[in-house]
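Asker: Just so you know, we're using numbering that gives the first Met the number 0 here: the sequence shown kicks off at 0 and counts up by one. One structure follows; several queries about it will come next.
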Amino acid sequence: MTLYPDIEMRKSKSMWFDDEASDSLGRPVKMYSVVTPIEVINQYYSVSEPPLVVHPGERLLVLGAADGNKSFLWLEIDEKAHSFAMADICIAASKLRNVHEAGEGSA
């Protein structure tokens with residue numbers, strides 16, 4: 000992604016979805032699922048700031064779909080040690096892997 004599309008994407012709103020999205024392996028991802036990126040994700044918040052960087056293995060909590068489009072999910076960084084803990088990020092569902100569904104134990 001380039002700087003401009005990242006910043007424009009942040010204007011989208013997170014919306015609840017009752018059904019499910021599909022991760023990179025075609026597995027279901029629902030609201031409050033815990034997922035991880037399959038590649039390094041750099042997302043820009045503003046022109047003057049460095050990007051937020053999320054690495055494979057870091058846990059993200061699904062908060063909703065961007066403008067109701069399940070192809071792009073709003074996520075909360077679920078890593079307490081991460082420098083951007085509790086930040087929201089928008090990532091294509093195809094760049095995520097489901098770690099576990101809401102209500103399940105740790106993966």
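Glycine is no exception: its CB is placed at the ideal position from the N, C-alpha and C atoms. None of these values were measured; they are calculated from a predicted model.
Does the distance from the C-beta atom of V28 to that of A20 stay below 9 Å?
Answerer: Yes, Cβ-Cβ distance for V28 and A20 is below 9 Å.
Asker: Start and end of the beta strand (DSSP E) containing P36?
Answerer: It spans V33 to P36 - the beta strand (DSSP E) in which P36 sits, taken as one unbroken run.
Asker: Would you mind stating whether I6 and Y44 have Cβ atoms separated by less than 9 Å?
Answerer: Cβ distance < 9 Å, so I6 and Y44 count as in contact.
Asker: Bridge partners for R58 per DSSP, in chain order?
Answerer: DSSP, once it has assigned bridges, lists no residue as partnering R58.
Asker: Which residue marks the beginning of the beta strand (DSSP E) containing E7, and which one marks its end?
Answerer: Taken as a continuous stretch (DSSP letters only), E7 belongs to no beta strand (DSSP E), being part of the alpha helix (DSSP H) at L2 to M8.
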